[in-house]
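Numbering (the numbering used here), first residue to last: 4 to 202.
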């Protein structure tokens, strides 16, 4: 491998190291809150009112500008042993929505049309995913399919698995919508006029 290639690999490794170090530091900082009783109060409020969960997830994801970091913090809170599934899943939905807001801001800062279209498709996908999961989870709950899970406490593994199932299921179910998303993105983001078109 050339020296230039080694430099790139080194930068990638350093970047991952900084990322995971930051996540571990955030987890340690959040873990101290689990002993203060705040998590118990937050969990009961989230279970009673899912709208609070959406807003909390949206706000945290928007501030951190990272859905992965937001889910990492949620996993750290789960170490308290009081977070239940019905309190956690709305927060995940809010994180998906917050990711849309971050993408919308980034895509409108000096990006070319194709880059902005990618951002639009990401926003459309996350909005569709949120609606699909909300409908699916509520329907499954009404049919009694989630009775064993609904009020049970969740750990970090359950949160990670739930997030994975949500994302994979939505990716498969919405695969036929790719063409629709592409057409919508082209309607929402027009091509820049070429120099030949400028009078």
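Backbone N, C-alpha and C define an ideal beta-carbon position, used for all residues, glycine too.
Straight across, the Cα-Cα distance linking residue 103 with residue 144 is about 26 angstroms. Rounded to the nearest angstrom, the gap between the Cα atoms of residue 193 and residue 116 is 7 angstroms. Your pair residue 126 and residue 107 checks out as a contact, with CB atoms roughly 6 angstroms apart and the cut at 8 angstroms.
Out of 90, 141, 132 and 15, the CA that lies nearest to the CA of residue 51 is found in 90. Sequence-distant Cβ neighbours of residue 96 in its own chain, meaning closer than 7 angstroms and more than five residues away, are 57, 60, 133, 136 and 137.
If you check the CB distance, residue 184 and residue 109 do not come in under 8 angstroms. Looking at the DSSP output, residue 156 bridges to 87. The shortest C-alpha to C-alpha distance from residue 62 to any of 164, 105 and 155 is the one to 105. Inclusion of residue 74 and residue 162 in the CB contact set at 8 angstroms is warranted, their separation being smaller than that value.
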